[in-house]
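>
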Amino acid sequence: MRTVRILLPAVLAVTLLGACGSGAEDEAAASTTVPPSSSSTGSTTTVGSVPTSEAADSGTVEIPDDAVDMTGRELVTVVIEDNVFIERSIVVSAGTEVMWVNKGRNPHNVTPSEEGSFEPLATAVFNGGGSGSRVFDTGTFAYYCSIHGSPNRGQRGTVYVVP
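Quick note: the sequence shown uses our numbering, first residue 45, plus one each step.
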């Protein structure tokens, strides 16, 4: 009887620990990993690749499940309206032109979350329904509107660029 009392809790503990897991395998299966590229295009403005912080050591870019796939297009438009970037997270192919268009009445800008990762687009560009664009190489490019957000809060977005 004593063996059963000791053995049963031990078996239950091992079973529960195995079933709980950390979820890291599920998270890895739910994201796409892409190696960065160092190529650039001829006469267009491009910026270097900037890996995500988690992927920096492995040289890869992780793409979350909620990012909108817009790969294979030459031009992708991100609408700015009511202090929000619509779509907030997008995936594009390297060399795609990403254009931000202000369809609201408020002033906006596009500022890289990591200084120097790409040339910012100033507020003057977006006055009166204006637009501005950038062409990116492979990498992850987080951005925000410095009027209505910060790198970590408010009006912000991310461009994930794959080869």
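For glycine and all other residues, C-beta sits at the position ideal for the given N, C-alpha and C. From a predicted model like this one, the values you see are computed outputs, not experimental measurements.
For GLY172 and THR202, I'd like the C-alpha separation in whole angstroms.
In the sequence shown, residue 172 corresponds to position 128, counting from 1. In the sequence shown, residue 202 corresponds to position 158, counting from 1. C-alpha separation (whole angstroms): 24 angstroms.
> Smallest Cα separation from ILE124: which of ALA138, SER175 and VAL105?
In the sequence shown, residue 124 corresponds to position 80, counting from 1. Nearest of ALA138, SER175 and VAL105 to ILE124, Cα basis: SER175.
> Label SER177 either buried or exposed according to how many other C-beta atoms from any shown protein chain fall within 10 Å of its C-beta, with 16 as the threshold for buried.
For the purposes of this step, residue 177 is taken as residue 133 along the sequence shown, with counting starting at 1. Answer is buried; the Cβ neighbour count reaches 16.
> Report yes if the CB atom of PRO156 is closer than 8 angstroms to the CB atom of PHE180, and no otherwise.
The residue given as residue 156 occupies position 112 in the sequence shown. The residue given as residue 180 occupies position 136 in the sequence shown. No; because the gap between Cβ atoms is not below 8 angstroms, this pair is not in contact.
> Between SER133, ARG197 and GLU159, which lies nearest to VAL120 when the distance is taken from Cα to Cα?
Taking the sequence shown and counting its residues from 1, the one referred to as residue 120 is at position 76. With distances taken between Cα atoms, VAL120 lies closest to SER133.
> Do you know offhand how far ALA111's Cα is from TYR204's?
In the sequence shown, the residue the question calls residue 111 occupies position 67. In the sequence shown, the residue the question calls residue 204 occupies position 160. C-alpha separation (whole angstroms): 8 angstroms.
> Go ahead and pull the three-state DSSP assignment for SER66.
Stepping through the sequence shown from its first residue, residue 66 is reached at position 22. Below a pLDDT of 50, predicted positions are generally treated as unreliable, and SER66, at 42, falls in that range; the measurement from the model is reported next regardless. SER66: coil per DSSP, three-state reduction.
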